[in-house]
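Student: Numbering (my numbering), first residue to last: 3 to 474.
Dumping the structure here so I can ask a few things about it.
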Amino acid sequence: MSELFHENPPSSTKPISLAGESIPPTRVSGAQGVLSPFTRRRFLAASSGLFGIGALGSLSGCADSTSATPAGTAKTPAELTPSPTAGAVAASDAPEVADLKFGIIALTDCSPIVIAHEKGLFKKYGINSTVSKGASWAAIRDGLSNGDIQATHMLIGMPIASTMGLLGSPKKPMVVPWLLNRNGQAITLKAAFKGKVTNDPKALKPFVDEAKTKGTPMTFAMTFPPGTHAMWMRYYLAAGGIHPDKDVALTTVPPPQMVANMKVDKMDGYCVGEPWNARAIADGIGFTSITTQEMWPDHPEKVCAFTAEFAEKNPKTVKAVLKALHEASVWLDNMDNRPEQAEIVSAATYINCPKEIILGRLQGHYDMGDGRSMQDKNYMIFHDRNCNYPQLKYCKWWLTQFRRWGMVEGTPDYDGIAKQVMRPDLYEEAMKEIGYAHGGASSDPETFFDGITFDPADPEKYATSFAINSLK
């Protein structure tokens, strides 16, 4: 295969957008309340004109609307229109910093931040929000580290790696007081493997072995080395008897560029969030081998992260953000709202993908692109099932994978790092102030699709138990 377009490319290679040219970060600001259907259509039309570089064009989708009311202890607001006194929070609760820039990447799971912005929920809690779309996860990380943005949509492994200074990340302590979503990612293989590989990675191994023998190892892409997509891809390959560090080439590509790279045969497969797996199917270039919720049901995925320094200086600001995200997340998990969600986030300023492609999997309709289909009960969620609680065990699991794949030398401080990064205290304080009864901390074991169970009580035993590893 020819050279890939990388997230951090050599000087001779320029990152491409889906239209073949780089797209700088775009910013949207000033949302004051709920957009009416008319004003929202005007907004989407205007944004398509102003930010149409790299637009994908319209593709027809095939998703039927479903309706359900989410389970949970919070009351779903009848409307999310801020009250006439929105922004007039009590002086004792007023955020220390009112003007905040939020970073996002063009993925469906940026929705809580986008909806809180578009629906005026940040404003309701005293935050003047601006949303900035980053070109890559590295750009998002650097923006948070240097203060260009104050809060961000992030892969759960990124604040852990930044706190530890791993894998090229500048050492910058970060905290996670909020999980944005669970589920909703997938592993896409190119169309040539249709009928040869389904959801069992063992079926992929003969092709990997053949390519390696010929001296042209297969190439798989993920979005950031310590992130979720990297860990799902590594786990998938290893479960099939494939060593990700020895048998294949792994490379880093920003989410919106995955489809473009596969179109020109730059990779054999990738792991990314939606809608870029569904997009590959719509374009006829790939199919979904497996969803990440099949690998680990209700797994954690993205977070809202802050630097530790910012959170320490501005706890009321952080809690104001969490309160707004809570309302947005409750709204998102009312399935009646998913069509509107897809319409809003499909805009060029956010995801830049036809809403029909986004909506199907948001509703649990999974056409895998190779003849398989399912109605998945473990579709992407944003609030239900205690989704947002920053569980320490999730940080510990990421540390086991850093250990397994040689990203750290020796045994990491599982408990210490988890307590430093995950901040349930901030989450619990914010939820108490709005009267929300959350599900609390969990130390329950988690079982994966290969039958292996992670017990957070003994992470080191788990980390060193895998036959395929790169332990140091």
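Glycine is no exception: its CB is placed at the ideal position from the N, C-alpha and C atoms.
What residue ranges within the region 212-277 form continuous alpha helix (DSSP H) runs of no fewer than 4 residues, ordered along the chain?
Tutor: Residue ranges of uninterrupted alpha helix (DSSP H) with 4 or more members, entirely inside the region 212-277 and ordered along the chain, are 230-241, 260-265.
Student: Once the 5 residues before and after residue 227 are set aside, which same chain residues still bring their CB inside 7 Å of it?
Tutor: Residue 227 sits at position 225 when you count from the first residue of the sequence shown. So the qualifying residues of the chain are 169, 254.
Student: My guess is that residue 179 and residue 425 are in contact by the Cβ rule of under 8 Å, so how many angstroms apart are they, rounded?
Tutor: The sequence position of residue 179 within the sequence shown is 177, counting from 1. The sequence position of residue 425 within the sequence shown is 423, counting from 1. Residue 179 to residue 425, Cβ: 4 Å. Contact.
Student: Pull up the DSSP beta-bridge partners for residue 155, would you.
Tutor: As a working mapping, residue 155 is identified with position 153 in the sequence shown. Answer is 306, bridged to residue 155.
Student: Would you mind listing the beta strand (DSSP E) stretches within the region 119-163 that are 3+ residues and don't spill past its ends, in chain order?
Tutor: 130-135, 153-157
Student: Which whole runs of the alpha helix (DSSP H) in the region 322-376 are 4 residues long or more, in chain order?
Tutor: 340-347, 357-364
Student: Return the CA-CA distance between residue 150 and residue 452, expressed in angstroms with no decimal places.
Tutor: Your numbering for residue 150 matches position 148 in the sequence shown. Your numbering for residue 452 matches position 450 in the sequence shown. About 41 Å.
Student: What is the residue span of the beta strand (DSSP E) that residue 468 lies within?
Tutor: What you label residue 468 is simply residue 466 of the sequence shown in a count that begins at 1. No beta strand (DSSP E) contains residue 468, which DSSP labels as neither H nor E.
Student: Does the distance from the C-beta atom of residue 222 to that of residue 181 stay below 8 Å?
Tutor: If you number the sequence shown from 1, residue 222 lands on position 220. If you number the sequence shown from 1, residue 181 lands on position 179. Not closer than 8 Å, so no.
Student: How long is the line joining the alpha carbons of residue 116 and residue 133, rounded to whole angstroms?
Tutor: Locating residue 116 in the sequence shown gives position 114, where the first residue counts as 1. Locating residue 133 in the sequence shown gives position 131, where the first residue counts as 1. Their Cα atoms are separated by approximately 7 Å.
Student: In chain order, what residues of the same chain lie with their CB nearer than 7 Å to the CB of residue 457, ignoring the 5 residues before and after it?
Tutor: Here the question's residue 457 lines up with position 455 in the sequence shown. So the qualifying residues of the chain are 447, 464.
Student: Determine, using beta carbons only, whether residue 160 and residue 229 come nearer to each other than 8 Å.
Tutor: Here the question's residue 160 lines up with position 158 in the sequence shown. Here the question's residue 229 lines up with position 227 in the sequence shown. Going by beta carbons, residue 160 and residue 229 fall inside the 8 Å limit.
Student: If you pair each beta-carbon of the region 390-405 with each one of the region 335-355, do three or more pairs fall below 8 Å?
Tutor: Taking 8 Å as the limit for Cβ pairs, the verdict is that the region 335-355 does not touch the region 390-405.
Student: Comparing C-alpha positions only, which one of 242, 284, 250 sits nearest to residue 262?
Tutor: Within the sequence shown, residue 262 is the residue found at index 260, counting from 1. Nearest C-alpha to residue 262: 284.
Student: In the DSSP assignment, find the unbroken beta strand (DSSP E) run with residue 178 in it and report its ends.
Tutor: Walking along the sequence shown from the start, residue 178 turns up at place 176. Counting along the chain, the beta strand (DSSP E) containing residue 178 begins and ends at 176-181.
Student: Taking Cβ positions, are residue 177 and residue 308 nearer each other than 8 Å?
Tutor: Sequence index remark: in the sequence shown, residue 177 carries index 175 (1-based). Sequence index remark: in the sequence shown, residue 308 carries index 306 (1-based). Yes, they are a contact pair.
Student: Measure how close the beta-carbons of residue 383 and residue 335 come, nearest whole angstrom, since I'm counting them as under 8 Å.
Tutor: Taking the sequence shown and counting its residues from 1, the one referred to as residue 383 is at position 381. Taking the sequence shown and counting its residues from 1, the one referred to as residue 335 is at position 333. Yes, residue 383 and residue 335 are in contact; Cβ-Cβ is about 6 Å, under 8 Å.
Student: Would you decide whether residue 146 is buried or exposed? Buried here means 16 or more other CB atoms lie within 10 Å of its CB.
Tutor: Here residue 146 refers to the residue found at position 144 when the sequence shown is read from its first residue. When all chains shown are included, residue 146 counts as buried.
Student: Tell whether a beta-carbon distance below 8 Å holds between residue 1 and residue 363.
Tutor: Lying outside 3 to 474, the shown extent of the chain, residue 1 is not represented and no answer is given.
Student: Where does residue 406 fall in DSSP's three states?
Tutor: Counting from one through the sequence shown, the residue named residue 406 turns up at place 404. It is helical.
Student: Taking the continuous beta strand (DSSP E) assigned at residue 191, which residues delimit it?
Tutor: Residue 191 sits at position 189 when you count from the first residue of the sequence shown. Note, residue 191: beta strand (DSSP E), 187-192.
Student: Got a sec? Which residues, its chain only, sit under 6 Å from residue 304 by beta carbon, not counting five neighbours each side?
Tutor: Counting from one through the sequence shown, the residue named residue 304 turns up at place 302. So the list reads 111, 155, 182, 183, once near-sequence residues are dropped.
Student: Per DSSP, what kind of secondary structure is residue 427 in: helix, strand or coil?
Tutor: The residue given as residue 427 occupies position 425 in the sequence shown. Residue 427: helix per DSSP, three-state reduction.
Student: By alpha-carbon positions, which one of 320, 367, 248 ends up nearest to residue 293?
Tutor: In the sequence shown, residue 293 corresponds to position 291, counting from 1. Minimum Cα-Cα distance from residue 293 among the listed residues 320, 367, 248 corresponds to 367.
Student: What residue range does the beta strand (DSSP E) around residue 1 cover?
Tutor: As shown, the chain starts at 3 and ends at 474. That puts residue 1 outside it, with no answer to give.
Student: Using CA coordinates, which residue listed in 204, 333, 242, 193 is at the minimum distance from residue 267?
Tutor: Taking the first residue of the sequence shown as 1, we reach residue 267 at position 265. Here the closest residue by C-alpha is 193.
Student: Can you have a look at residue 186 and say buried or exposed, based on whether 16 or more other CB atoms are within 10 angstroms of its CB?
Tutor: The count along the sequence shown starts at 1 and reaches residue 186 at position 184. Buried is the call here.
Student: Between which two residues does the beta strand (DSSP E) containing residue 102 stretch?
Tutor: Mapped onto the sequence shown, residue 102 falls at position 100. Here the beta strand (DSSP E) through residue 102 covers 101-106.
Student: For the candidate residues 412, 319, 333, 238, whose alpha-carbon lies nearest to that of residue 99?
Tutor: The sequence position of residue 99 within the sequence shown is 97, counting from 1. Here the closest residue by C-alpha is 319.
Student: For residue 214, which residues of its own chain have a beta-carbon under 7 Å away from its beta-carbon, when the five flanking residues on both sides are left out?
Tutor: Position 212 of the sequence shown, counted from the first residue, corresponds to residue 214. 249.
Student: Which one or two residues does DSSP pair with residue 184 in a beta bridge?
Tutor: What you label residue 184 is simply residue 182 of the sequence shown in a count that begins at 1. In DSSP, residue 184 forms a bridge with 302, 383.
Student: Looking at residue 289: is its Cβ nearer than 8 Å to the Cβ of residue 191?
Tutor: Within the sequence shown, numbered from 1, the residue matching residue 289 stands at position 287. Within the sequence shown, numbered from 1, the residue matching residue 191 stands at position 189. Yes.
Student: Taking just the CA atoms, how far does residue 416 sit from residue 2?
Tutor: Because residue 2 is not part of the residues shown, which for the chain are 3 to 474, the question remains open.
Student: State buried or exposed for residue 376, treating a residue as buried only when at least 16 other CB atoms are found within 10 Å of its CB.
Tutor: Start at 1 with the first residue of the sequence shown, and residue 376 comes out as number 374. Under this definition residue 376 is an exposed residue.
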